[in-house]
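Comments concern the structure below.
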Amino acid sequence: MEIPRHWRLKQQRYALVGEVCPHCEEKIFPPRDVCPYCGNEAKTQFTFSGRGTVFSFTTLTEAPAGFEQAAPYTVALVKLEEGPVITAQLTDLGDRPVEIGMPVEMVTRKIRAEDEARGVILYGYKFRPVMETPK
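If you count the sequence shown from 1, position 28 lands on 28 in the UniProt record's numbering, and the numbers rise without skipping.
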């Protein structure tokens, strides 16, 4: 029996776990068998901080199948502090406008319900604006 995909990818969904290439030291997300920078094997696990900045963004008003209930929502390219740029949904925005360069942090949120009859709810990473601490 095959293990469901959402269970196999659990580690990547609840934390930003990628790899660091032991040859060229580039940080890679998502994990890959081969480093896209130098072509050598990249099997050294690396956990990213989950902090970064908005590099670019767009708001989707027509969502793809399975995400209709979430529309409209904002998706961003987030440049992580450690280097890689990843695509992720933004959350907890309230009335705050999204801006390029906005500091964000990873949070775990509901992505969608895959099989509501059996109660299968998929969680994963999204990014929210960094909360300012009072001085």
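Where a beta carbon is used, it is the ideal one built from N, C-alpha and C, also for glycine.
I'd like to confirm the pairing. Which residues does DSSP put opposite glutamate 19 in its beta bridges?
Answer is Ile28 and Gln45.
Inter-stretch contact at 8 angstroms, needing at least 3 Cβ pairs: the stretch 52-71 / the stretch 29-43
no
Assuming glycine 18 contacts methionine 106 under a Cβ cut-off of 8 angstroms, what Cβ separation, rounded to an integer in Å, is found between them?
Going by Cβ atoms, the distance from glycine 18 to methionine 106 rounds to 12 angstroms, so no, they are not a contact pair.
Can you find the residues in the same chain that come closer than 6 angstroms, C-beta to C-beta, to alanine 22, ignoring five residues on each side of it along the sequence?
Checking the displayed sequence, the identity of residue 22 turns out to be proline instead of alanine. Its chain contains Thr44 as the residues whose beta carbon lies nearer than 6 angstroms to that of proline 22, once the 5 sequence neighbours on both sides are disregarded; these appear in chain order.
In terms of alpha-carbon separation, which member of Leu80, Glu99, Gln89 and Thr74 lies closest to arginine 109?
Gln89
At what residues does the beta strand (DSSP E) containing proline 129 begin and finish?
120-129 is the span of the beta strand (DSSP E), which, as asked, contains proline 129.
Based on the DSSP secondary-structure assignment, which residues constitute the bridge partners of threonine 61?
Answer is none; threonine 61 lacks a bridge partner.
DSSP three-state label for alanine 71, please.
coil
Does valine 104 pass the burial test, meaning 16 or more other C-beta atoms within 10 Å, or should it be called exposed?
buried
Valine 98 beta carbon less than 8 angstroms from that of alanine 76:
For the pair alanine 76 and valine 98, the CB atoms are nearer than the 8 angstroms cut-off.
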